[in-house]
Structures are given as C-alpha cells and as structure tokens.
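S.K.: Take a look at this one; I'll ask things after.
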Amino acid sequence: MPTAYLPLLVLQALAVGFTALILAVSFLLGPRRPESHRMVPYESGIRPVQDARRRFPVKFTLVAMLFIVFDVEAVFFYPWAVTYRQLKLFGLIEMLIFVAILLVGYVYIWKRGALEWE
Amino acid sequence: MDWLIIAAIKSGFVIVILLTGFAYGTLLERKLLGRLQVRYGPNRVGPFGLLQPVADGLKLLGKEDTAPAGADRVVFTLAPMISTACALSAFAVIPIGGTIDLLGRRIDLVVADVNIGILYVLGVTSLGIYGIVLAGWSSNNKYALLGGVRSSAQMLSYELALGMSLIGVLLIAGTLQLPKIVEAQATVPFILLQPLGFIVFLIAATAEVNRSPFDLPEAENELVAGYHVEYSGMKFALFQMAEYVNLIVVSSLATTLFLGGWYGPFGLLPGPHWFFLKVFLLICFFVWLRATTPRLRYDQLMRFGWKVLLPLALANVLLTAVGVLVLQG
C-alpha cells in the first residue's frame, strides 16, 4: 500500500466535509421566503425566452478535441523530463522527432483555421 | 494510526491557512485596488477595516439560499462544493518549509510528500473546472451557461501552456516531487535559469485562475457575472473562496517551482516565513495586474493561448533540453 498517498485522502475528506458543513449551516440559518418572481432566471430584467440549455457554438467542442490531442502529447513530456539525465543525447533526439511530428499536426490545424475564433 | 493523526493535524492546519488567506485575500485586494484607484477601500469595520472579511462572511451565512426555477437542484448544490473542495485539496503536496523537529518527531512541512506532486496539483486543479461548467449548466440561465462554457474552453487552452512551461523545471530538477524541486534550488532559484518558463507559467496561471486580464468567464459587461449569476448566499461565497484559494495555490506553485520555495537569502528567518512572503508578493502582483490591465476580447484570448503561449512553452522545453545536455557534458 503506498502510504505516502493516504494523507491526500485525509485533506480531500476534510475539504469536502468543510464545504458540506458550511452549506448546511447556511441552509439552517438562512431565511426561506420563496417567491415566484424572484425564482425567474436573471437576464438583466428581461423575461427569459425558451430554455437556457440550447445548442451552443460547435467551436467549443473543437477546442475540447484539440485540447485532448495536445494534452495527451504533453503527458509524454513528463516522464521524459524526469528521466532526461539518464537518456542524454538519445533522449534529446527522440524528443526532437516527437516534437517534429507534433508540429506537423500543429501547423495543419493552424493552416486549416482551427485556432481562429470569429 | 500515527500517520493519520499527523495527516489530520496538517490538513486542518492547511485548511485554516487557506481560509484565512481567502478572507484576508479579499480584504487585501479591496484595499490595494482602492489605493491604486486613489480611494481608501474598506475602512469602517474594525481598525483599518480588518474585520471586514468577518462581517462579509457572517452576512453571507444569513442570506437566503435561492435557486432559479428550472435549475438542476442537485448539480446546482454540488458545483460550488466541487470547485472549493478541489481548490483546497490541491495544496496537499505543496511544501511550506523543510522539516522541523516537534515534540521529538521530525515533521515534513507538507501534507503528503508524494513522488507525482506536480501531476497531482495539475490534475486536481483541472477537476475544479467541473465545478464551473456544472454551475453554468445547472443554473438554467443563458449567461451562466455561456460563462461556464467559455470558462472551460479558456482553462483547457491555457492548461496546455501551463503544463508545458513546467517541463523546463522538471528537466533541471529531474523529479516531480515538490520538496525535492525546492531543494534543487538551494543555491539558484529556477527563475534565473528559466526566465521564459516563468513568464509563460505566470501568464497561463493568470488565465487558469480567471484573473484579470483573462477574467472573461465573469465579464460583467457582457455576461452579467458569468457562471455564478444565479448563485447567492454561501454557495456564492464558496465560488469566491475557490477563486481566491486557487490564486493562493497558483502563487504557491510559482514560489515552489521558480522562486526557491522556502529558501531565502543569507539564511535569515526560518523557511516558512520566506515561503509566505513570496506568496504574498505574488498575490499583490496579481492585484496590481488587475488594477492595470484591461480585459482581453475572447478571440484575442484564444489566439494568444494557442498561437503565442503554446509555441513559446514548447521552445522553452527544447532550449532547456539542449542547455541541460550541453552543461552536463
């Protein structure tokens, strides 16, 4: 059992417990006077039309996809960086090849305009 | 059971530090912003306004806890909890000092000295994005939804540059363990070896914690208040808490990775003093930045993150790799 990790759970449990506690206290102390006009979603004083959860620009999905591609590639940098002193020149050349492949994709999405935001 | 008691004491201590930091962070920000705009800032509650955070907290505690019609109640309550709990947990691996002898034991001044320290901080702070997205989605408010989606896209984009900017430090230190990274800076802080990495880190971190000039998620003149429009009372306070605690975590991370952590010049003062002084100065810097810079437009923000910051971070990695190899011989 990797005991070094267990204290993380202790802090996480305390953090969750604290947030739950403070919400519970405010739930008990706060007044409750529900009133239908106040429960309308706030849109600068104008009565909302339609449900808020509608379609939003597909651009955001594209950002999410690009993030996954690049983040997975960034993850490979971490073990490489930690062991770099043992890998020496071999590690550098390997990483240059990796970065070159990564740059091809990067230039491609740049040229295709995926990074533009109109 | 021994480790459990020690871990519980340390964790309680960390939470108290972060909450005090949050309370007085808000006061510091309002005071400094006031001075920078040639006014006084809060000065009515207690001497120099020192009791202002207490008054704010008590007021919010007694406020009605509203949720808009059509909101997803469960998610609406969970979202601020996720944000705050993630922000508080992220501090677990950050060392505020070396080891001290207390009651005949050697105590590390870090909650958990794990060997994947940096990955843990990055992972847990990323989980905090869920809080913001879910808050925007569950509110049943168009502004909130837009703010939440914008915020997630911004944080994802800048997280890439943030993650890349740290790799230079890892190349030099050769470990992910934060106390060891600090020990590697006993003589030279990494900011001198990694100036470009530090600048990229600082900019990306500003965007990660949604601070001005990257505070688009809560751009009040276009989105009212972004993802937390519909929040009131203690739930609203939890989002504020998450924001300030994240600011403290990011400042602590910058201190640990680039500014030499608990080491100070000439061996003056014990370690934690230096750590907190550096974090305090960084927070002052963030407030100064907010008072000075105008907010970016969204297209400028995304373009800057993907087309400037990411290539810069990558260039820094390669330069550092070559440098380490040459110096190592």
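Protein sequences appear in the order of chains A and B. Residue numbers for the first sequence follow this note's numbering, beginning at 1 and rising by one. Residue numbers for the second sequence follow this note's numbering, beginning at 1001 and rising by one. Beta carbons are placed, not taken as given, at the ideal position from N, Cα and C, and that holds for glycine.
With 8 angstroms as the threshold, decide whether the Cβ of Ala1085(B) is near any Cβ in chain A.
M.R.: yes
S.K.: For Thr1099(B), list the residues DSSP reports as bridge partners.
M.R.: Asp1108(B)
S.K.: Report the rounded CA-to-CA distance for Leu1078(B) versus Phe67(A), giving the unit in angstroms.
M.R.: 25 angstroms
S.K.: What would DSSP say about Glu35(A), mapped onto helix, strand or coil?
M.R.: coil
S.K.: Using the Cα positions of Ala1054(B) and Leu1061(B), report the straight-line distance between them to the nearest angstrom.
M.R.: A small fix is needed here, since residue 1054(B) is Val in this sequence, not Ala. Approximately 11 angstroms, taken between the alpha carbons.
S.K.: Is the stretch 1237-1249 of chain B touching the stretch 1014-1027 of chain B in the sense that three or more CB pairs, one from each, lie closer than 8 angstroms?
M.R.: With a cut-off of 8 angstroms on Cβ pairs, the stretch 1014-1027 of chain B is in contact with the stretch 1237-1249 of chain B, counting three or more such pairs.
S.K.: Would you mind telling me which residues of chain B sit closer than 8 angstroms to Val63(A), beta carbon to beta carbon, in chain order?
M.R.: Against Val63(A), the close residues of chain B are Ala1153, Leu1156, Ser1157 and Met1302, in the order they occur along the chain (beta-carbon pairs closer than 8 angstroms).
S.K.: Within the same chain, show all residues whose beta-carbon is closer than 6 angstroms to that of Gly1260(B), passing over the 5 residues directly before and after it, in chain order.
M.R.: Answer for Gly1260(B): Gln1185 and Pro1189, listed in chain order.
S.K.: Closer than 8 angstroms, CB to CB, is Lys88(A) near chain B or not?
M.R.: Yes, its Cβ sits closer than 8 angstroms to a Cβ of chain B.
S.K.: For the alpha helix (DSSP H) that contains Val1169(B), what are its first and last residues?
M.R.: Lys1142 to Ala1173
S.K.: Fully enclosed by the stretch 31-93 of chain A, which alpha helix (DSSP H) runs are 4 residues long or longer?
M.R.: 59-82
S.K.: Exposed or buried, Ile1167(B), counting other C-beta atoms within 10 Å across all chains shown (16 or more means buried)?
M.R.: buried
S.K.: Ordered along the chain, which non-local residues of its own chain (more than five positions away) have a Cβ less than 6 angstroms from that of Gly1226(B)?
M.R.: Gly1147, Pro1217 and Glu1218
S.K.: So, Val1209(B) versus Phe1091(B), is the Cβ gap smaller than 8 angstroms?
M.R.: no
S.K.: For the stretch 1235-1269 of chain B, enumerate the residues whose C-beta is nearer than 9 angstroms to any C-beta of chain A, in chain order.
M.R.: Lys1235, Ala1237, Leu1238 and Met1241
S.K.: With DSSP run on the structure shown, which of helix, strand or coil describes Arg1297(B)?
M.R.: coil
S.K.: Could you check the C-alpha separation between Pro41(A) and Asn1140(B) for me, to the nearest Å?
M.R.: 7 angstroms
S.K.: CB Val1200(B) to CB Ala1144(B), shorter than 8 angstroms?
M.R.: Result no, Cβ atoms of Val1200(B) and Ala1144(B) do not sit closer than 8 angstroms.
S.K.: What in chain B is Cβ-close to Ala100(A), meaning under 7 angstroms?
M.R.: Residues of chain B with a Cβ closer than 7 angstroms to the Cβ of Ala100(A) do not exist, since the nearest Cβ in that chain sits about 11 angstroms away.
S.K.: Could you compute how far the alpha carbon of Val1326(B) sits from the alpha carbon of Ile1082(B)?
M.R.: 45 angstroms
S.K.: According to DSSP, simplified to helix, strand and coil, what is Leu11(A)?
M.R.: It is helical.
S.K.: Considering only C-alpha positions, which residue in the set Ala1135(B), Thr1187(B) and Leu1318(B) is nearest to Ala1071(B)?
M.R.: Checking every option, the nearest Cα to that of Ala1071(B) belongs to Ala1135(B).
S.K.: Are the C-beta of Val25(A) and some C-beta of chain B separated by less than 8 angstroms?
M.R.: yes
S.K.: Apart from the five residues just before and just after Glu73(A), which ones in its own chain have a Cβ nearer than 6 angstroms to its Cβ?
M.R.: Same-chain partners within the cutoff: Leu102.
S.K.: Who are the neighbours of Lys1307(B) on chain A, taking C-beta pairs under 9 angstroms?
M.R.: The answer, in chain order, is Trp110 and Leu115.
S.K.: Which residues in the same chain as Leu1032(B) place their Cβ atom closer than 8 angstroms to its Cβ, once the five residues preceding and following it in sequence are excluded?
M.R.: Gly1041, Cys1284, Val1287, Trp1288 and Ala1291
S.K.: Tell me whether Arg1211(B) is buried or exposed, calling it buried when 16 or more other Cβ atoms sit within 10 Å of its Cβ.
M.R.: buried
S.K.: Using a C-beta to C-beta distance shorter than 7 angstroms, which residues of chain B count as neighbours of Gly30(A)?
M.R.: Gly1062, Lys1063, Glu1064, Asp1065 and Gly1233
S.K.: If we define contact as Cβ-Cβ less than 8 angstroms, is Leu1296(B) a contact residue for chain A?
M.R.: no
S.K.: State yes or no: is the beta carbon of Val1182(B) nearer than 8 angstroms to at least one beta carbon in chain A?
M.R.: no
S.K.: Please confirm whether Trp110(A) and Asp1299(B) have their CB atoms less than 8 angstroms apart.
M.R.: no
S.K.: Whole angstroms is fine: what's the gap from Pro31(A)'s alpha carbon to Thr1066(B)'s?
M.R.: If you take the alpha carbons of Pro31(A) and Thr1066(B), they lie about 10 angstroms apart.
S.K.: Below 8 angstroms, how does it come out for the stretch 1155-1175 of chain B and the stretch 1092-1112 of chain B: are there three or more Cβ pairs, yes or no?
M.R.: no
S.K.: In angstroms, rounded to a whole number, what distance separates the CA positions of Lys88(A) and Glu1029(B)?
M.R.: 46 angstroms
S.K.: Interface residues of chain A around Leu1171(B) at Cβ under 7 angstroms?
M.R.: Against Leu1171(B), the close residues of chain A are Ala81 and Tyr84, in the order they occur along the chain (beta-carbon pairs closer than 7 angstroms).
S.K.: Looking only at its own chain, which residues have a Cβ that is under 8 angstroms from the Cβ of His1334(B), when we skip the five neighbours before and after it?
M.R.: Since the displayed chain B opens at 1001 and closes at 1329, residue 1334(B) lies outside it and no answer follows.
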